[in-house]
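K.L.:
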Amino acid sequence: MNGGRSMTERDSTFTHSQTAPDTAPTPDATGSAAPALQGSSPGAMLRQLREAAGVDAALVASAMKVSLQKLDALENDRFDELPDLTFARGLASAICRAFGADPAPVLERMPLSAPGLRAQGHVANPPFRRVGDTPAPMLKNSFSKPLLIVVAALLLGALALWLLPTLPIQLTSPTSEPPVTADANQEPAAPVAEPAPPAEMPAGAASAEQSVASAPAPAGSGAEAAASSGSDLLTFVANAETWLTVRDANGKQLINRALASGETVKLNGEVPLAVTVGRKDAVTVTVRGEPFDHKSLSKTTVSRFQVK
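Residue numbers (my numbering): 962 to 1269.
1. What does DSSP give as the partner residue(s) for GLN1214 in the beta ladder?
2. Straight-line CA distance for SER1105 to LEU1120?
3. Using 6 angstroms as the cut-off, classify the Cβ of ALA1065 as near or not near the heavy atoms of the ligand HEM, replying yes or no.
4. So, helix, strand or coil for ALA1014, using DSSP?
5. Measure from the alpha carbon of LEU1043 to the alpha carbon of each residue in MET1071, ALA1065 and LEU1116, then state which is nearest.
6. Round the Cβ separation of VAL1244 and VAL1207 to the nearest angstrom and send it over; I've been treating them as touching at under 8 angstroms.
7. Have a look at THR1196 and ALA1018 and give me their C-alpha separation to the nearest angstrom.
8. Output yes or no for whether 7 angstroms exceeds the beta carbon distance between ALA1201 and SER1222.
9. DSSP three-state label for SER1192, please.
10. Does the distance from the C-beta atom of THR1262 to that of ARG1240 stay below 7 angstroms?
11. Tell me the residue span of the alpha helix (DSSP H) that contains LEU1115.
12. Take the Cβ of GLU1251 as the centre, count every other Cβ of all protein chains shown within 10 Å, and call the residue buried at 16 or more, exposed below.
13. Please state the DSSP three-state secondary structure of LEU1043.
14. Kindly identify the DSSP beta-bridge partner or partners of LYS1227.
15. Determine whether the beta carbon atoms of PRO1066 and SER1054 lie at a separation below 7 angstroms.
16. Just to confirm my understanding: we take LEU919, look at its own chain, exclude 5 residues before and 5 after, and list those with CB closer than 7 angstroms. What are they?
17. If we ignore side chains and look at the alpha-carbon of each, how far apart do ARG1058 and SER1023 end up?
18. Specify the secondary structure class of ARG1240 as computed by DSSP and reduced to three states.
19. Which class does GLU1251 belong to by DSSP, given the choice of helix, strand or coil?
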C-alpha cells in the first residue's frame, strides 16, 4: 500500500453529514451518524456512501493514495482489474471507515475469489529451497559420455606436450639506435603567427551592447513578489465542513485534510498552485487579498483551479 501505512490502519478521512445545505452540521457526542449502507453489491454500497457525502471520486482516490481507475473498478464490482483480494478488501474497509460507516456489510458481500485475483493466503513467491535440501543425483548421471571423451583428449594432449623435449630459445636484444642530437646549424622553427586583432565594432553596435548589458533584470511575477514580501497568497475560510488539497509547482503537498466550519487557512508556496476544494459552496477563497469566485469554475460540488 502507498502512503507508509496500510488502508486498514487509516483514520477516518471524510466526515459524512446528512444535514440540509443551508443548515450547519451539529455533531453529537459520538460524531456524525454513519449512513445506512444499501445495495445489491459491495461496489454499489461504496458508491452510494461516497455520493451521499457529496465527495468526488477523484478526491477519494487521492486521499486513499490509489488511482482513479482502481477506485472505479471497485465501485463497479470489476474485481478482476484489482491486484488481489487483500488489496480490494483493504481499500473497501478504508473507504467505509473514512466516511464513518461499518465496513462489515461491504466485506460480507465481497467475493472470496474472482478471475484475475489471488485468493487470501496465496503465496506470491514459492519458498526458497537450498541446494542441500534436494538429494544429490548419482555420480554416473552427473557426467555424459561425450564430456568424458573431451576431458580424456585434453589430458592426453597436455601429457604429450610435457614429454616433448624443450627447444632452446635464443633471445636477441634489439639493435640500439643512437639518440638524435639537435644540429647547432639547424634553423629554428618558424614562429607561430599571432592572431589578428579583432575588427573594430561600429559605434552604434557598441552603444547597443552597452545598453543591453546595463539593462536591469525584469521584475519577478506578482506571485513571487507577494511570496517574498511575506503576504498570504491564498486564504480559505470554511463556512461548513469541507475538504481542501493544495500542491505547489514542485508537487509538494501543502495541505490535504478536512476543514471544520469556521476554520481559516492561509497558504504560501511556489506558483503555480493546484487547488482542489471538496465542497465549493462551503469555502470562500481569497487570492492575494482579492476575493476569487471559484464556484463558477465547475458544475459539480468539487472545484479545481490553479493560482499562477
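Backbone N, C-alpha and C fix where the C-beta goes; we use that ideal spot for every residue, glycine too.
P.N.:
In brief:
1. ARG1208
2. 23 angstroms
3. Among the ligands in the structure shown, none appear at all, so the ligand HEM cannot be discussed.
4. helix
5. MET1071
6. So it is not a contact: roughly 12 angstroms between Cβ atoms.
7. 25 angstroms
8. yes
9. Correct three-state label for SER1192: coil.
10. With a cutoff of 7 angstroms on beta-carbon distance, THR1262 and ARG1240 are scored as near each other.
11. 1106–1124
12. exposed
13. When secondary structure is reduced to three states using DSSP, LEU1043 falls in the coil class, being assigned neither helix nor strand.
14. THR1196
15. Contact flag unset, no.
16. Past the edges of the chain, shown from 962 to 1269, lies residue 919, and the structure says nothing about it.
17. 16 angstroms
18. Note: ARG1240 maps to coil in three-state DSSP.
19. strand
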